[in-house]
Amino acid sequence: MAHANDPKTTMYMNEFGTLERPKDLASSPARYLQKLRELQTIRVAGKIPFGIGLESHFSIPNIPYMRSDLDILAATGLPIWLTEVDVKAPPNVQGKYFEQVLREGHAHPQVKGMVTWTGYNPSGCFVMCLTDGTFKNLPTGEVVDKLLREWGGLGGKTTGLSDADGFFEVSLFHGDYGLNISRPFANSKASYSFSLTSDDSSSPSPLVFRV
Numbered sequence: 038m039a040h041a042n043d044p045k046t047t048m049y050m051n052e053f054g055t056l057e058r059p060k061d062l063a064s065s066p067a068r069y070l071q072k073l074r075e076l077q078t079i080r081v082a083g084k085i086p087f088g089i090g091l092e093s094h095f096s097i098p099n100i101p102y103m104r105s106d107l108d109i110l111a112a113t114g115l116p117i118w119l120t121e122v123d124v125k126a127p128p129n130v131q132g133k134y135f136e137q138v139l140r141e142g143h144a145h146p147q148v149k150g151m152v153t154w155t156g157y158n159p160s161g162c163f164v165m166c167l168t169d170g171t172f173k174n175l176p177t178g179e180v181v182d183k184l185l186r187e188w189g190g191l192g193g194k195t196t197g198l199s200d201a202d203g204f205f206e207v208s209l210f211h212g213d214y215g216l217n218i219s220r221p222f223a224n225s226k227a228s229y230s231f232s233l234t235s236d237d238s239s240s241p242s243p244l245v246f247r248v
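Sequence positions in the sequence shown follow my numbering and run 38 to 248.
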């Protein structure tokens with residue numbers, strides 16, 4: 038039904054335990070792939086674009102296991118999203134574990150996005166919140182802000198010098214950007230606007246601007 042109404046939308050098979058529970062054979066990567074292949078055999082009008090959804094409800098994260106699982110699932114070539122990331126752990130280590138999970142997910146080239154399961158509720162969050170009742174950051178919220186600053190996702194400015202051939206390399210999030218270029222010795226300036234979308238990540242190529 039959903040595919041018929043919007044055939045271009047990626048359909049994610051969302052499961053829990055696959056990354057978080059090394060001893061849970063029922064949700065192992067092998068079992069996940071088995072069920073995914075069953076779904077891929079469904080005959081419909083047109084090919085269903087599938088994706089891999091992993092809920093990611095951790096307690097004490099086993100990072101090497103998480104990494105190997107992501108490698109196994111990434112071999113399908115399908116996009117991976119961590120869809121409900123949280124960590125159930127004592128407050129003194131919760132932020133640390135949360136950061137480990139986010140860093141590992143961000144580092145994997147086949148992970149296309151992460152969603153945190155951290156919505157604030159006055160009566161108590163599901164497992165963890167990012168802020169308290171006055172919207173002041175908790176340690177977990179500090180982790181998110183720190184990583185966004187580190188990864189360039191808080192609207193900051195990036196400056197730099199091109200090399201001898203005029204190239205400047207930088208890693209950017211999807212979004213809209215403004216670019217200002219200047220050649221002080223030539224008294225020359227130029228401004229450009231450009232957008233980066235998910236379609237650009239499959240076959241990245243240099244953006245060329247002229248001054």
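No residue lacks a Cβ here, since even glycine has one placed at the ideal position from N, Cα and C.
Query                                                                                                                                              : Result
Starting from the Cα of Leu119, find the closest Cα among Thr153, Gln137, Glu136 and give me that residue.                                         : Thr153
Is Lys45 helix, strand or coil by DSSP?                                                                                                            : coil
With a cut-off of 8 Å, do at least 3 Cβ pairs link the stretch 158-178 to the stretch 99-106?                                                      : no
Kindly indicate which three-state DSSP category Asp169 falls into: helix, strand or coil?                                                          : coil
Three-state secondary structure (DSSP) at Arg68?                                                                                                   : helix
On a CA-only basis, which of Leu209, Asn224, Gly189, Asn217 is nearest Pro243? Give me that one, please.                                           : Leu209
Let me know the secondary structure DSSP gives Asp123 once reduced to three states.                                                                : strand
Hey, how far is the Cα of Asn51 from the Cα of Ala111?                                                                                             : 15 Å
Over the uninterrupted beta strand (DSSP E) stretch that includes Leu233, give me the two end residues.                                            : 225-233
List the whole-angstrom C-beta distance separating Gln131 from Pro176, where the pair is believed to meet the contact cut-off of C-beta under 8 Å. : 7 Å
Pull up the distance between the alpha-carbon of Val245 and that of Arg58, whole angstroms please.                                                 : 46 Å
Tell me Thr153's beta-bridge partners as DSSP assigns them.                                                                                        : Val122
Tell me the residue span of the beta strand (DSSP E) that contains Ser219.                                                                         : 212-220
Run through the DSSP bridge pairs and tell me what Glu52 is partnered with.                                                                        : Leu91
Count the other CB atoms within 10 Å of the CB of Glu250; is the residue buried (16 or more) or exposed (fewer)?                                   : Because the chain is modelled from 38 through 248, residue 250 falls outside the range shown and cannot be assessed.
In terms of DSSP beta bridges, what is Asn174 paired with?                                                                                         : Thr168
Can you tell me which of the three DSSP states Ile79 falls into?                                                                                   : coil
Could you give the DSSP three-state label for Ile100: helix, strand or coil?                                                                       : helix
For the alpha helix (DSSP H) that contains Arg21, what are its first and last residues?                                                            : Any answer about residue 21 is impossible in this case: the structure gives the chain only from 38 up to 248.
Could you say which of Thr78, Gly170, Lys45 lies nearest to Pro159 if we only look at CA atoms?                                                    : Gly170
Per DSSP, which one or two residues make a beta bridge with Ile109?                                                                                : BP columns for Ile109 are empty, so no partner.
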